[in-house]
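From first to last, the protein sequence lines stand for chains A and B.
Those letters in the first sequence? Residues 7 to 142, by the working numbering.
Those letters in the second sequence? Residues 913 to 1296, by the working numbering.
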Amino acid sequence: MSDDLPAASHSIAEFIHGYEEDHVLRGFRCPKCSLVTATWGLACPRCGSLERTETRLADSGKVAAFTILSVPGDDFLNDAPYAYVVVDLDDGARVTGWMPGVKQQTDLTIGERVRFVPSYKPGVQFVKDADPSARR
Amino acid sequence: MRETWIVGAASNRFGKMAETGREAATRVAFEAIRQSGLEPKDIDYTFVSNCFGMAEKQGHVGPLINGGLGIPNVPSCTIESACSSSSAALHEAFVHVAGGFADAALVVGVEKLSQLDTLTATSYFAEAADYAFETRNGATFPGLYATLANAYLHQYPMRPEVLGSVAVKAHANAVHNPHAHFRKAISMETYLNSPMIASPLRLYDCCPFSDGAAAVVVAAKESVPHPSMEPLVVRASARAGSITDMQDRPDLLGLPATRVAAEKAFRQAHLEPRQIDFLEVHDCFTIAELLALEDLGFFPRGSAGKAEIEGVTAHDGALPVNPDGGLKAKGHPVSATGASQVVEIFEQVNGKAHGREVPRTETALAHNVGATGGSCSVHIFSRR
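Here's what the structure looks like:
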């Protein structure tokens, strides 16, 4: 599922460029503790190892935790209510993102399958796997 | 290390301050010093917390406070650790005094955000999260705790009344606290009918934005031969950090920094949880109190809610938690919160907590969290 990326993604800007422009989620894989993470850093946030492999993360996974925000964040004033989600991607990476149109607690369940879909606005956007816009 | 005491502790009333943060901070500092029997000139160092001073167009407030106290030559610095700022400042003061670098140190925490509208204040609070990886993805501060709440409730399903009981207890206690922002009891019905902010957290699950100031005087035992108030002996002053981002934490059930800080603190104090008489814990949201009680080792994972609903944590219960009303009802002036927890313990020990007295006051613990657990302080106090 995940391919090693030839291009350097050693910056937060590269990560953001990745999901906004290249439509991929970029991350790191730690060969020591096998953590796969999207979070920027010079060392593995779990074990401190400096040997990190840049990788393309999986596009889809399962909701690990979420909330429905009625009072939105700064850049999401016209999107509330929406879901803020923590997602366990299929390659073991855990990332956070948001889901438009998910308006109440009963609209989503922990364990439900979701997929990363590029958005017109800032933020990693997920939609339900069953959503037609998930197919590209 | 020298035996180190809290010899004075004062707070203003949390809520909306007409005066500037600098004025409020100077007043509570003056009051804490006056209580201690020391004089301003006895202070060797001032540690200030004022995370959001920029909201008042004021940074570097320490020298202004010291100037206002008539001790302009005393060194000061500002300590920032989000919502755990003034407990971090207390830790620095402890390190200075216990280590012999100061005989007496002043800790002052102050915040004033009421001049901002709610959305601006909400975005200030979110600044303690990871902007690139959390806030930019739509997270708010309540949203992050709500995410933890859903993870917890998924593992340990419980009725909404369980979280509600934390809020109802906090408000009941705050009625008797003259420092509290909300001195108003709420019913379970009021709780359940309050609007959803970030599911499952309702309005009454959330602490308010408060203005406020609190100060603590820390001194070496030998420099206060005749304390005017009953001092608190600092038995432990421990801090820990943990991965800020939820996306890199091994699990979402609790805050790792609390677990680490608590282990350190109990080891320092040579005490166990069962020997603690009452607690001040960081209940920025009701779920945070359950996580705290379990991470600190007072209840097994998933069982703090039962204790809450059975009244164990009431101010006259077997293990009183937040007799001052907590962040939830006393209010949460970010940088004043940690110091204000010590004010409550000081007032309980000195018989000044009228109407909210806890049964036993030999030992107490204060737990203060920065954001969603990137930072945590745990202090343990006892009587002489």
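For each residue, glycine too, the CB sits at the ideal point set by N, CA and C.
Segment contact: the stretch 1239 to 1251 of chain B against the stretch 993 to 1003 of chain B, three or more CB-CB distances shorter than 8 Å; contact assigned.
For A1051(B) and M913(B), the gap between their C-alpha atoms comes out near 43 Å. Look at L1239(B): its C-beta is not under 7 Å from any C-beta on chain A. Residues are counted here when their Cβ sits less than 9 Å from a Cβ of chain B; for the stretch 55 to 72 of chain A these are A70, A71, F72, given in chain order.
Counting of Cβ neighbours within 10 angstroms places R1161(B) among the buried residues, the total reaching 16 or more.
Rounded to whole angstroms, the Cβ separation of V120(A) and D135(A) is 6 Å, and the two are in contact under 8 Å.
Runs of the alpha helix (DSSP H) lying entirely within the stretch 1237 to 1296 of chain B and spanning at least 4 residues, in chain order: 1238 to 1242, 1249 to 1261. Annotated three-state conformation of R1114(B) is strand, per DSSP. From the listed residues E20(A), S66(A), E26(A), E60(A), the smallest Cα separation to F132(A) is found for S66(A). For F21(A), the closest C-alpha among the options C36(A), S40(A), T45(A) is that of T45(A). Between Y126(A) and W104(A), the CB-CB gap reaches or exceeds 7 Å.
Of the candidates C995(B), G1011(B), V1078(B), Y1036(B), the residue whose Cα lies closest to the Cα of E1222(B) is V1078(B). Residues of chain B whose Cβ lies closer than 7 Å to the Cβ of L31(A) do not exist; the shortest such Cβ separation is about 11 Å.
Only those residues of the stretch 1131 to 1162 of chain B whose C-beta falls short of 9 Å from the nearest C-beta of chain A are listed: I1155, T1156, D1157, M1158, Q1159, D1160, R1161, P1162. Rounded to whole angstroms, the separation of the alpha carbons of D1163(B) and L976(B) is 44 Å. Neighbours of V108(A) in chain B, taken as residues at a C-beta separation under 7 Å, are lacking, since the least C-beta distance is about 10 Å. Judged by DSSP in its simplified three-state form, L48(A) adopts coil rather than helix or strand. Contact between K1240(B) and C1119(B) holds, with the beta-carbon distance rounding to 5 Å and staying under 8 Å.
For the pair T916(B) and F1006(B), the CB atoms are nearer than the 7 Å cut-off. For T1284(B), not one C-beta of chain A is nearer than 7 Å to its own C-beta.
Contact between N1234(B) and E1274(B) is absent: CB atoms are separated by about 18 Å, not below the 8 Å threshold. Inclusion of I1199(B) and Y1057(B) in the CB contact set at 7 Å is warranted, their separation being smaller than that value. Taken atom to atom, the span from the alpha-carbon of V1136(B) to that of A1016(B) is near 9 Å.
Taking 7 Å as the threshold, the shortest C-beta distance from A1051(B) to chain A falls below it.
S1294(B) is the residue among L1165(B), P1139(B), S1294(B), I1109(B) whose C-alpha sits nearest the C-alpha of F1190(B).
L1104(B): member of the alpha helix (DSSP H) spanning 1100 to 1105, first to last residue. Shown here for L1277(B): same chain residues with a beta carbon closer than 6 Å to its own, the five before and five after excluded, namely I1188, L1191, I1292 in chain order.
In the structure shown, the three-state DSSP call for Y88(A) is strand.
Residue nearest to D97(A) within the set R32(A), I116(A), L114(A) is R32(A) (criterion: CA-CA distance). In the structure shown, E1192(B) falls within a strand segment according to DSSP collapsed to helix, strand and coil.
Between the C-alpha atoms of L1231(B) and A1110(B) there is a straight-line separation of about 30 Å. Annotation for I1098(B): A1079, V1080, H1083, Y1116 place their beta carbon closer than 7 Å to its own, counting only its chain and skipping 5 residues before and after. Between N1062(B) and T102(A), the CB-CB gap reaches or exceeds 7 Å.
In the DSSP assignment, the residues bridged to L1144(B) are I918(B).
Of the residues V1129(B), S1140(B), P1271(B), the one whose Cα lies closest to the Cα of D1228(B) is P1271(B).
Residue pairing by DSSP places S1149(B) opposite H1291(B) in a beta bridge.
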